[in-house]
Amino acid sequence: MDYEIMMNGNVKIGTYAPDFEAETTMGKVELNQYKGKWVILFSHPGDFTPVCTTEIIAFAKANPYFERLNTCLLGLSVDSNPSHLAWLYDIYCKTGIRVPFPIISDRNGQIARKYGMISNDVSNTETVRNVFIIDDKGIVRLILVYPMNVGRSIPEILRALTALQVADANKLSMPANWIPCEPGILPVPKTFAELEARKREMEKNQNGMSWYLGFQNVKDCKVLEDNSECEKIEEKKGRNISN
């Protein structure tokens, strides 16, 4: 089988995210060490590039919001670790912003190709702007792909992450343009008796359009409170580097 076909695009929604070990700006990282946490794994085309710089700054500013959702950020490109460090230091010198999450150095492209991050019609080496939302059990729940010349919407990534977590917690689906704490969509009835019961419920509560589209208020819309687990992971990595 052709290597490119074999290695690109194997990661799909609903599958376990392939584990990996990699060198990062915060020491060695294994994906499996994040079990119990949600992970946003994202790739960028290159260091010292304008769109990527705006994205890294935006992710860094939004990091506290991700941590409130029990989620750790993990970046990746095929640049070297010294290049990553120099870029992050330049960002810090120019803006005062410290990037609080690791960026993977994937020099041989092994992780990028395993996750289908390289589009050969665009570039044989640079990664496009992929986003993988991986849940606390290690399952890929959402995949976004942006072209090289369009930066990602961090608020949309946060919204989608929140929607997934709230949907799981409430056993609901989420409608178009859903924002946190708005109602979710009830599961569709599977029997005629359930259909009739749903119709009576909706006539009473005025909570839907038809038997197949009913709404319900969500509980615990924040899902999870602040925590410092991502910071603990980073502190552990720091101790490993110093030993």
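In this text, residue positions in the sequence shown follow this note's numbering: the first is 15, and each later residue adds one. Yeah, the Cβ is synthetic: ideal placement off N, Cα and C, and Gly gets one too. Since we're looking at a predicted model, the values are computed, not measured.
- [ ] Compute the Euclidean distance between the alpha carbons of P32 and E215, then round it to the nearest angstrom.
- [x] 44 Å
Open item on the list: Can you look up C195 in the DSSP assignment and give me helix, strand or coil?
Closed with: coil
Open item on the list: So I123 and V92 are supposed to be a Cβ contact under 8 Å. How far apart are they, rounded?
Closed with: It should be pointed out that residue 123 corresponds to Gly in this sequence rather than to Ile. Contact flag correct, Cβ pair sits at about 5 Å.
Open item on the list: I'd like to check one pair, A211 with G198: are the Cβ atoms closer than 8 Å?
Closed with: no
Open item on the list: Quick check: what's the CA-CA separation for K26 versus I118?
Closed with: 21 Å
Open item on the list: Could you tell me the alpha carbon to alpha carbon distance between V65 and D104, rounded to whole angstroms?
Closed with: Near 15 Å, if we compare the C-alpha coordinates of D104 and V65.
TODO: Within 10 angstroms of the Cβ of D234, are there 16 or more other Cβ atoms? Answer buried if so, exposed if not.
DONE: exposed
Task: Exposure label - M223; buried when at least 16 CB within 10 Å - done: exposed
Task: Cβ contact check for the stretch 54 to 72 and the stretch 165 to 181: 3 or more pairs under 8 Å - done: yes
TODO: Starting from K128, trace the alpha helix (DSSP H) both ways and give me its first and last residue.
DONE: 124 to 128
Open item on the list: Can you look up V232 in the DSSP assignment and give me helix, strand or coil?
Closed with: Secondary structure at V232: coil, using DSSP grouped into helix, strand and coil.
Task: Local Cβ density within 10 Å of S187, reported as buried at 16 or more and exposed below that - done: exposed
Open item on the list: Does I255 pass the burial test, meaning 16 or more other C-beta atoms within 10 Å, or should it be called exposed?
Closed with: Bear in mind that a pLDDT of 38 at I255, under 50, signals an unreliable position, so the number given afterwards is only what the model happens to contain. By the 10 Å Cβ count, I255 comes out exposed.
TODO: Taking R143 as the reference, give the member of L55, K185, R112 with the closest Cα.
DONE: In terms of Cα proximity to R143, the closest of L55, K185, R112 is L55.
TODO: Give the DSSP-derived three-state secondary structure of F62 in the structure shown.
DONE: coil
- [ ] From the DSSP output, in three-state form, read off L88 for me.
- [x] strand
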